[in-house]
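Asker: Heads up, the sequence shown is in numbering that gives the first Met the number 0, so the first residue is 0 and it goes up one at a time. Where is the CB? At the ideal position from N, CA and C, for every residue including glycine.
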Amino acid sequence: MYEYSLNRLAGMLGVDRQTLVRALAGTSPDAGTDKKPLFRVATASDALARHRVKPDGRLGTDGNSATAQLTAERARLAREQAEAVSLKNAVTRGELVRLATVQRGAETIFAAFRERCLSIPGKIAAVCEMRSRSEVEETVRAEIHECLEELSGPILPGDGVSWVGEIDAVDDEDEEIIQ
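Structure below.
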């Protein structure tokens, strides 16, 4: 049988040197000196296996064991639960709104804007008849400013005011929530 140094054994067994040193802490060397102990592969692998076993008989968390996978799943579940509670709290505080509410508000705003803009030509057509360019420009500018002033006010109902014809019973699972 061959005896190897700690560095060589660590490379052969696929562990770092410090892990192997900790595993071999109570094991006497198979050959060599106190300054340069040499171990057989079987001795080192047995010590490493003993080192990985927990006092209660479970295998260590080397990333592939069932215990490590269960621990990772528990951590993932805890993160998901914390995120769900955080999202629910944000909705309760009013930091998040339903996508349907935002869409309905945007549709209302754009509909009001469209109707007001489309009404301008009919409203000023008679006034602009037989006028000079500067008078027509002044009339159009005044009408557009009036339109913009009117649209700068609130179009949507304020907080706590329900929409006309709004259905309050909304299926929570079908609704998207946005920030």
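#1: Taking only three categories from DSSP, how would you classify residue 152?
#2: Verify whether the separation of the beta carbon atoms of residue 122 and residue 149 is less than 9 Å.
#3: Following the continuous alpha helix (DSSP H) through residue 109, name the residue where it begins and the one where it ends.
#4: Does DSSP classify residue 37 as helix, strand or coil?
#5: From residue 126 to residue 118, what does the alpha carbon distance come to, in whole angstroms?
#6: Please tell me whether residue 39 and residue 3 are closer than 9 Å, where the distance is taken between their beta carbons.
#7: What did DSSP end up calling residue 135 once you bin it into helix, strand or coil?
#8: Once DSSP output is grouped into helix, strand and coil, what is the label at residue 52?
Answerer: In short, the structure shows the following:
#1: In the structure shown, residue 152 falls within a coil segment according to DSSP collapsed to helix, strand and coil.
#2: Judged by beta-carbon spacing, residue 149 lies beyond the 9 Å limit of residue 122, meaning their Cβ atoms are not closer than that value.
#3: In this chain, the alpha helix (DSSP H) harbouring residue 109 covers 98-124.
#4: Note: residue 37 maps to strand in three-state DSSP.
#5: Between the C-alpha atoms of residue 126 and residue 118 there is a straight-line separation of about 14 Å.
#6: The Cβ atoms of residue 39 and residue 3 lie closer than 9 Å to each other.
#7: Helix at residue 135.
#8: If DSSP states are grouped into helix, strand and coil, residue 52 belongs with the strands.
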